[in-house]
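**Student:**
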Amino acid sequence: MTTYRSMRDFARTAEPAGAVPEPSGGPVRRFVVQRHRARRLHYDFRLEIDGVLVSWAVPKGPTLDPAARRMAVHVEDHPLEYAAFEGVIPHGEYGGGDVIVWDHGTWHPYKGDDPATEVRGGQLHAELHGERLRGKFLLVRRDGRDTGKEQWLLLHKRDEHAVPGWDAEDHPTSVVSGRTNDEVAAAPERLWRSGVPAAQADVPARPPVPEVAGPSDDELAALDDLGASGTWDVLGRRLRVTNLDKVLFPGRGDEPPVTKRELLRYTARIAPVVLPYLAGRALNMHRFPQGAGTAGFWHKQLPDHTPGWVPRWDRPGTDPGEATTYLVVDEPAALVWAANFGALEWHAWTSRTTAPDLPTYALVDLDPGPATPWEDLVLLARLHRDAFEHVGVQAFPKLTGRRGLQVWVPIAPGPTFDETRAWVERLSRTVGKVVPDLVSWRWEVRERGGQARLDYTQNAVNKTLVAPYSPRAAPGAPVSAPITWDELDEPSLRSDTFTVRTVLERLAERGDPFRGALAGDQVLPPLR
Numbered sequence: 001m002t003t004y005r006s007m008r009d010f011a012r013t014a015e016p017a018g019a020v021p022e023p024s025g026g027p028v029r030r031f032v033v034q035r036h037r038a039r040r041l042h043y044d045f046r047l048e049i050d051g052v053l054v055s056w057a058v059p060k061g062p063t064l065d066p067a068a069r070r071m072a073v074h075v076e077d078h079p080l081e082y083a084a085f086e087g088v089i090p091h092g093e094y095g096g097g098d099v100i101v102w103d104h105g106t107w108h109p110y111k112g113d114d115p116a117t118e119v120r121g122g123q124l125h126a127e128l129h130g131e132r133l134r135g136k137f138l139l140v141r142r143d144g145r146d147t148g149k150e151q152w153l154l155l156h157k158r159d160e161h162a163v164p165g166w167d168a169e170d171h172p173t174s175v176v177s178g179r180t181n182d183e184v185a186a187a188p189e190r191l192w193r194s195g196v197p198a199a200q201a202d203v204p205a206r207p208p209v210p211e212v213a214g215p216s217d218d219e220l221a222a223l224d225d226l227g228a229s230g231t232w233d234v235l236g237r238r239l240r241v242t243n244l245d246k247v248l249f250p251g252r253g254d255e256p257p258v259t260k261r262e263l264l265r266y267t268a269r270i271a272p273v274v275l276p277y278l279a280g281r282a283l284n285m286h287r288f289p290q291g292a293g294t295a296g297f298w299h300k301q302l303p304d305h306t307p308g309w310v311p312r313w314d315r316p317g318t319d320p321g322e323a324t325t326y327l328v329v330d331e332p333a334a335l336v337w338a339a340n341f342g343a344l345e346w347h348a349w350t351s352r353t354t355a356p357d358l359p360t361y362a363l364v365d366l367d368p369g370p371a372t373p374w375e376d377l378v379l380l381a382r383l384h385r386d387a388f389e390h391v392g393v394q395a396f397p398k399l400t401g402r403r404g405l406q407v408w409v410p411i412a413p414g415p416t417f418d419e420t421r422a423w424v425e426r427l428s429r430t431v432g433k434v435v436p437d438l439v440s441w442r443w444e445v446r447e448r449g450g451q452a453r454l455d456y457t458q459n460a461v462n463k464t465l466v467a468p469y470s471p472r473a474a475p476g477a478p479v480s481a482p483i484t485w486d487e488l489d490e491p492s493l494r495s496d497t498f499t500v501r502t503v504l505e506r507l508a509e510r511g512d513p514f515r516g517a518l519a520g521d522q523v524l525p526p527l528r
């Protein structure tokens, strides 16, 4: 355990420090396999032996295929508490990356009763009883390979649990939470507090996001059955919906255009997902009543004819001519009302109505110039990713749905807009110095020479960026889709890749990678 502790800074990492609980004792012991995305993806294969987790890193993961031989690198022993660790190890720390509990259960040695002696001798026979891994396994040390760490082979015996062709990568979720590594990286729901008893170490990382029910199948069918207009009972409210067959978004490529009916259907389904990003915030509506092919306009003032149930905020201290009452999407039906009102795009404030002068995010807007190719914009985003990693800040990228990229940095209440703007400017100017030929700091587009702008000025009161999952007024109804940093490396990615017709399937398969942006406890470090 001395080696384990010497390699970690427990003031930074959420991993357990190793207050060792009582070993389980007897012939039945615990095992865990964790899927760990650090510099490279690997699986940490850990067996309880004499009060610790004896551990191997298996790059391709364990398998039930008896014909496969898996390389396994013998690494430092881990504390027994580590068997429950699922979360994020900060970048810059040893093993920095995201971890899920890929499998767990019990095991016993099937050729003797002293597994510690077997490990020292270079052969360990283990029978596993897990949720995914079952049957007899053999770990064999490979002699004569001095690479600094012991090289072993892990293989499955030919028994009744053997499955030819079985691949760990076909099973990407946690057996504890059901989450993928992407979802844990975006929102590590539980963390470990080091230096306390194991029973007290596992704590919520942040308050849970309340679950809000989406529309039922019957509610969606009722929308399909309406004529051009009618009354729709959805999400607990009765809405008057109109012009349902009007085309709001031209088609893209061979795809048919998107009608208002389809937009309302999407809005009702996405509203529970987007609600946490909009609740408690004034909403600036970008309206296109005649569709995305026409000129839109900003609508901030909530109209007098708005139904009484629609949530709102009366902004104090407004000057003559300013909007006084704003829509606040505190329930999902309010977003459907806004879409029916012609709001094709949803732009929420970055501060809450309870403290409108205090931002909850620091924002980076990567605004491409007319001559900026997508590859250059991705390069700028990667450089920001490296900068955030260097200063130890969690940041979350998002496609704009048009041509750009945005990065949201959740922060604890306290800094003013002036302070967040100065912080982002300093960080982005440092990035810009790396690729000066790609960046202009000019405000006017025509003065930028076609170059991109790293726009830190969005950090201001009543400045908004398009909300996650909001449609954009463009052909095909693209949406502003959150992504993971790793997805920047996918060749097929474009800023308008996902649409109202495709993003819901993505959510069902991969979850919401932006959930971590809802955290409100991050403090921006000083930049030197």
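Heads up: the sequence shown begins at 1 in the numbering used here, then just goes up one per residue.
Virtual Cβ for every residue (Gly too), placed ideally from N, Cα, C.
Within its chain, find whatever has a CB closer than 6 Å to the CB of Asp521; leave out the 5 residues flanking it on each side and keep chain order.
**Tutor:** Counting only Cβ-Cβ distances below 6 Å, and skipping sequence neighbours, we find Ala412.
**Student:** DSSP three-state label for Lys136, please.
**Tutor:** In the structure shown, Lys136 sits in a strand (DSSP, three-state: E or B).
**Student:** State the Cα-Cα distance for the pair Glu322 and His299, rounded to the nearest angstrom.
**Tutor:** If you take the alpha carbons of Glu322 and His299, they lie about 11 Å apart.
**Student:** May I ask which residues mark the beginning and end of the beta strand (DSSP E) holding Lys398?
**Tutor:** First-last of the beta strand (DSSP E) with Lys398: Phe396 to Leu399.
**Student:** Judging by CA-CA distance, which residue of Arg261, Arg134, Pro250 and Asp319 is the nearest neighbour of Trp232?
**Tutor:** Of the listed residues, the one whose Cα sits closest to Trp232 is Arg261.
**Student:** For Leu139, count neighbouring C-beta atoms within 10 Å of its own C-beta (all shown protein chains included) and say buried if the count is 16 or more, exposed if not.
**Tutor:** Flag for Leu139 reads buried.
**Student:** By the three-class DSSP mapping on this structure, what secondary structure does Arg510 have?
**Tutor:** Looking at Arg510 - three-state DSSP - the assignment turns out to be helix.
**Student:** Can you tell me which residues form a DSSP beta bridge with Glu127?
**Tutor:** Per DSSP, His108 and Lys136.
**Student:** Determine the contact status of Leu454 and Val434, defining contact as a CB-CB distance below 8 Å.
**Tutor:** No, the pair does not count as a contact, with Cβ atoms beyond the cut-off.
**Student:** So what does DSSP say about Asn284, is it helix, strand or coil?
**Tutor:** Three-state DSSP puts Asn284 in a strand.
**Student:** Residues in the same chain with beta-carbon distance under 6 Å from Asp50, minus the five sequence neighbours each way, listed in chain order, please.
**Tutor:** Same-chain partners within the cutoff: Ala116.
**Student:** On the three-state DSSP scale, how would you describe Trp309?
**Tutor:** Residue state, collapsed to three classes: coil.
**Student:** Whose C-alpha, out of Trp349, Phe288 and Gln451, is nearest the C-alpha of Val247?
**Tutor:** Checking every option, the nearest Cα to that of Val247 belongs to Phe288.
**Student:** On the criterion of 16 or more Cβ atoms from any shown chain inside 10 Å, does Tyr110 qualify as buried, or is it exposed?
**Tutor:** The residue in question, Tyr110, is exposed, as its Cβ has fewer than 16 Cβ neighbours within 10 Å.
**Student:** Measuring straight from C-alpha to C-alpha, what distance separates Arg35 and Ala126?
**Tutor:** Between Arg35 and Ala126, the C-alpha separation is close to 20 Å.
**Student:** Please say whether Thr259 and Gly511 have beta carbons closer to each other than 8 Å?
**Tutor:** Not a contact, by the Cβ cut-off of 8 Å.
**Student:** What's the gap between the Cα of Ser55 and the Cα of Thr372?
**Tutor:** One C-alpha to the other measures close to 48 Å.
**Student:** How long is the line joining the alpha carbons of Thr416 and Pro359, rounded to whole angstroms?
**Tutor:** The straight-line gap from Cα to Cα measures roughly 7 Å.
**Student:** Could you tell me whether the Cβ atoms of Ala83 and His104 are closer together than 8 Å?
**Tutor:** Their beta carbons are under 8 Å apart, which means Ala83 touches His104 by this criterion.
**Student:** Below 8 Å, how does it come out for the segment 463–478 and the segment 235–247: are there three or more Cβ pairs, yes or no?
**Tutor:** Short answer: they don't touch.
**Student:** Excluding the 5 residues flanking Leu335 on each side, which residues of the same chain have their C-beta closer than 6 Å to its C-beta?
**Tutor:** These residues qualify, in order along the chain: Thr267, Ala271 and Val329.
**Student:** Quick check on this structure: which residue in Ser480, Thr497, Gln151 and Pro79 has the alpha carbon closest to the alpha carbon of Pro59?
**Tutor:** Considering only alpha carbons, the answer is Gln151.
**Student:** Do Pro414 and Arg352 have their CB atoms nearer than 8 Å?
**Tutor:** Residue identity differs from the one stated: residue 414 is Gly in this sequence, not Pro. Result no, Cβ atoms of Gly414 and Arg352 do not sit closer than 8 Å.
**Student:** In the DSSP assignment, find the unbroken beta strand (DSSP E) run with Gly230 in it and report its ends.
**Tutor:** Gly230 to Val234 is the extent of the beta strand (DSSP E) around Gly230.
**Student:** For Thr497 and Asp486, what's the separation of their Cα atoms in angstroms?
**Tutor:** Using only the alpha carbons, I get a separation of about 16 Å.
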